[in-house]
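> Take 13 as the starting number for the sequence shown in our numbering and just add one per residue.
Beta carbons: idealized from backbone N, C-alpha and C, even for Gly.
Before we start, here is the structure in question, set down as structure tokens.
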Amino acid sequence: MRKNPGFAAALLIMALVGLLGVVCWAQDGQALVAVYPSGQTFASIQGAIDAANAYDTIVICEGTYHENLVIGQPLTLIGLDEVLVIPVDGALPTILIEDTHDVTIRSIGIEDSDVGIKISQSSVTIADCHFEAASAGVEFIGFDSVAARIEGCAFRGDMSGIKSIGEGSLDIAHCEFKGIGYGAFLMGTTFVTIYDCLFDLCVSGVGMAGTVSATLIKNRIENPVLYGIQAVGVPFDVPYGSLTLVSNTIRNSAQWGISFCNIAAPFKLTFEGVVKGFDNAILGRNGYGPLCPTDYEWPDGLFSEVERF
């Protein structure tokens with residue numbers, strides 16, 4: 013019989029969570045953090061991180077934790093029920109992950125922060141978390157071969173849900189961005205995939221520099237204050253990336269549905285990357301129009317429907 017390491021890992025986590033549940037109840041509401049496989053318990057998340065060995069699992073009982081966390085080795089952090097982390101120093105990232113790999117953050121809320129999670133030269137998975145942050149829920153700064161995946165997360169705040177800078181690869185899936193500046197703000201030469209996400213009432217759903225290579229599949233961008241998708245040129249002599257669009261829907265942009273132009277009239281093309289894809293729709297009333305520039309030669313089949321006004 014062939015072994016399934018993923019299934020075995022899932023069973024192990026279920027067993028650890030079940031065991032910790034007994035400990036959580038025994039503490040009569042006191043916040044508690046446990047490290048496995050050692051079974052040590054701590055009153056703070058950072059205390060558990062500092063005591064853990066590489067590839068340990070840290071399970072966090074329900075509660076509010078006032079901490080700034082730093083992770084520098086492979087670890088898994090899992091929150092039980094309602095786990096909320098609020099930074100002591102709001103000028104610092106609530107969680108800083110730097111110079112490591114194989115880090116997983118699951119089921120944790122972060123509020124009242126400038127940057128929720130900062131990923132610096134690390135490979136990380138973030139799943140089922142929620143963020144309320146001023147500058148960025150997640151900031152990804154990558155070089156060379158680092159990779160991050162953000163899945164099933166909810167973003168609220170002021171400026172950006174997710175911001176990427178530098179190189180590496182970034183996958184974003186099944187996330188919700190609501191009432192913020194940029195849902196995703198992408199710079200550098202990152203390779204980005206965004207799949208099955210909702211961007212609602214953002215200033216712009218996705219904003220990207222022309223050097224980024226981005227693939228957007230089956231996303232909904234509803235009621236953006238400015239643009240559904242904005243791709244702009246850069247004032248440097250560097251290669252442009254590509255933009256691939258498949259089965260996305262953009263509805264009711266206050267300015268443009270998709271813009272490759274500068275931000276003020278007269279509107280002129282600035283993005284010079286390759287555009288490809290199929291089955292996209294721009295619907296509803298888009299204030300300036302669905303597409304900028306209006307005379308751009310969009311690839312055949314890129315749109316299944318475009319409502320002009």
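Between which two residues does the beta strand (DSSP E) containing A145 stretch?
The residue you call residue 145 lines up with position 133 of the sequence shown. It spans H142 to G154 - the beta strand (DSSP E) in which A145 sits, taken as one unbroken run.
> My output table needs one value for G59: the three-state DSSP class, helix, strand or coil.
In the sequence shown, the residue the question calls residue 59 occupies position 47. Looking at G59 - three-state DSSP - the assignment turns out to be helix.
> Going by DSSP in three states, G269 sits in which element: helix, strand or coil?
Taking the sequence shown and counting its residues from 1, one reaches residue 269 at position 257. The answer is strand: DSSP assigns G269 an E or B state.
> Near T116, what residues of its chain come up, given a Cβ to Cβ distance below 6 Å and the 5 sequence neighbours on each side ignored?
For the purposes of this step, residue 116 is taken as the residue at position 104 of the sequence shown. Excluding residues within five positions, the ones whose Cβ falls inside 6 Å are T88 and T137.
> Are at least three pairs of beta-carbons, each pair with one atom in the stretch 242–252 and one in the stretch 207–214, less than 8 Å apart?
As far as the Cβ criterion goes, the stretch 242–252 does not touch the stretch 207–214, which means the pair count is below three.
> For P17, which residues of its own chain have a beta-carbon under 6 Å away from its beta-carbon, when the five flanking residues on both sides are left out?
By one-based count along the sequence shown, residue 17 stands at place 5. Note on P17: pLDDT 44, under 50, position unreliable in the model; the coordinate value appears next. Cβ neighbours of P17 beyond the five flanking positions: none.
> In the stretch 144–218, which residue ranges form an unbroken beta strand (DSSP E) of at least 3 residues, counting only runs that do not cross its ends?
Correct list: 159–163, 166–169, 172–178, 181–185, 188–190, 194–198, 203–207 and 210–212.
> How about V246 and G222: do their beta carbons lie closer than 7 Å?
Numbered from 1 along the sequence shown, position 234 holds the residue referred to as residue 246. Numbered from 1 along the sequence shown, position 210 holds the residue referred to as residue 222. Cβ atoms of V246 and G222: closer than 7 Å.
> Please look up how many angstroms separate the CB atoms of G313 and F290, rounded, as I've assumed it's under 8 Å.
In the sequence shown, counting from the first residue as 1, residue 313 sits at position 301. In the sequence shown, counting from the first residue as 1, residue 290 sits at position 278. Confirmed, Cβ separation roughly 5 Å.
> Under 7 Å, do G149 and G180 count as touching if we go by C-beta distance?
Indexing the sequence shown from 1 puts residue 149 at position 137. Indexing the sequence shown from 1 puts residue 180 at position 168. Not closer than 7 Å, so no.
> Alpha carbon to alpha carbon, what distance is there between F167 and A20?
Against the sequence shown, residue 20 aligns to sequence position 8. Against the sequence shown, residue 167 aligns to sequence position 155. Unreliable placement is indicated for A20, whose pLDDT of 46 sits below 50; the coordinate value is still reported in the next sentence. Each residue's alpha carbon lies about 32 Å from the other.
> In angstroms, rounded to a whole number, what distance separates the CA positions of G301 and I294?
Taking the sequence shown and counting its residues from 1, one reaches residue 301 at position 289. Taking the sequence shown and counting its residues from 1, one reaches residue 294 at position 282. One C-alpha to the other measures close to 10 Å.
> Since I believe N264 is in contact with R232 (beta carbons under 8 Å), could you give me their beta-carbon distance rounded to a whole number of angstroms?
As a working mapping, residue 232 is identified with position 220 in the sequence shown. As a working mapping, residue 264 is identified with position 252 in the sequence shown. In fact, because the Cβ distance is near 11 Å, the residues do not count as touching under 8 Å.
> Have a look at Q52 and Y67 and give me their C-alpha separation to the nearest angstrom.
Locating residue 52 in the sequence shown gives position 40, counting from the first residue. Locating residue 67 in the sequence shown gives position 55, counting from the first residue. If I take the Cα positions, the gap works out to 15 Å.
> Can you tell me the Cα-Cα spacing of A55 and D101, whole angstroms?
Working through the sequence shown from its first residue, we reach residue 55 at position 43. Working through the sequence shown from its first residue, we reach residue 101 at position 89. Looking at the two C-alpha atoms, the distance is approximately 19 Å.
> Taking the straight line between their C-alpha atoms, what separation do you get for G41 and C73?
Indexing the sequence shown from 1 puts residue 41 at position 29. Indexing the sequence shown from 1 puts residue 73 at position 61. For G41, the predicted model reports a pLDDT of 49, less than 50, meaning its position is unreliable; a value from the coordinates is still stated below. In a straight line, the C-alpha of G41 is about 9 Å away from that of C73.
> Please return the same chain residues whose Cβ sits closer than 6 Å to the Cβ of D94, not counting the five positions on each side in sequence.
Sequence index remark: in the sequence shown, residue 94 carries index 82 (1-based). The question names Asp, but residue 94 is Glu in the sequence shown. Cβ within range, chain order: E74.
> At the level of alpha carbons, what is the spacing between D307 and K280?
Start at 1 with the first residue of the sequence shown, and residue 307 comes out as number 295. Start at 1 with the first residue of the sequence shown, and residue 280 comes out as number 268. D307 and K280: Cα-Cα distance of roughly 10 Å.
> How far does the beta strand (DSSP E) with S329 in it reach, from first residue to last?
The structure shown has nothing for residue 329, since the chain only spans 13 to 321.
> Looking at F155: is its Cβ nearer than 7 Å to the Cβ of S176?
In the sequence shown, the residue the question calls residue 155 occupies position 143. In the sequence shown, the residue the question calls residue 176 occupies position 164. No. Outside cutoff.
> Quick one: give me the first and last residue of the beta strand (DSSP E) that T256 is part of.
By one-based count along the sequence shown, residue 256 stands at place 244. Taken as a continuous stretch (DSSP letters only), the beta strand (DSSP E) holding T256 covers S254 to V258.
> Are the beta-carbon atoms belonging to T282 and V244 less than 7 Å from one another?
By 1-based counting over the sequence shown, the position of residue 282 is 270. By 1-based counting over the sequence shown, the position of residue 244 is 232. Their beta carbons are under 7 Å apart, which means T282 touches V244 by this criterion.
> For the beta strand (DSSP E) that P302 lies in, which residues bound it at each end?
Along the sequence shown, one-based indexing puts residue 302 at 290. P302 -> beta strand (DSSP E) spans G301 to C304.
> Tell me the DSSP secondary structure of P87 in three-state form.
Mapped onto the sequence shown, residue 87 falls at position 75. One point to set straight first is that residue 87 is Leu, not Pro, in the sequence displayed. If DSSP states are grouped into helix, strand and coil, L87 belongs with the strands.
> Going straight from the alpha carbon of A64 to that of D124, what length do you get?
On the sequence shown, residue 64 is found 52 positions in, with the first residue counted as 1. On the sequence shown, residue 124 is found 112 positions in, with the first residue counted as 1. So the two alpha carbons sit approximately 27 Å from each other.
> Just to confirm, does S176 get its C-beta within under 6 Å of one of the non-hydrogen atoms of the ligand MG?
The ligand MG is not part of this structure, which contains no ligands at all.
> What is the rounded straight-line gap between the Cα of R14 and the Cα of A145?
Residue numbering aside, residue 14 sits at position 2 when the sequence shown is read from its first letter. Residue numbering aside, residue 145 sits at position 133 when the sequence shown is read from its first letter. In this prediction, R14 scores a pLDDT of 42, lower than 50, which makes its location untrustworthy; the coordinate-derived value is nonetheless stated afterwards. The straight-line gap from Cα to Cα measures roughly 45 Å.
> Helix or strand or just coil, what does DSSP make of D249?
Reading the sequence shown from its first residue, position 237 is the one you call residue 249. D249: coil per DSSP, three-state reduction.
> Nearest CA to the CA of A185: which residue from E163, E79 and V204?
By 1-based counting over the sequence shown, the position of residue 185 is 173. Here the closest residue by C-alpha is E163.
> Answer yes or no: do S132 and E110 have a C-beta to C-beta separation smaller than 7 Å?
Start at 1 with the first residue of the sequence shown, and residue 132 comes out as number 120. Start at 1 with the first residue of the sequence shown, and residue 110 comes out as number 98. Contact: yes.
> Would you please state the rounded distance, in angstroms, between the beta carbons of V45 and I70? I believe it to be under 8 Å.
Reading the sequence shown from its first residue, position 33 is the one you call residue 45. Reading the sequence shown from its first residue, position 58 is the one you call residue 70. About 6 Å; that satisfies the 8 Å criterion.
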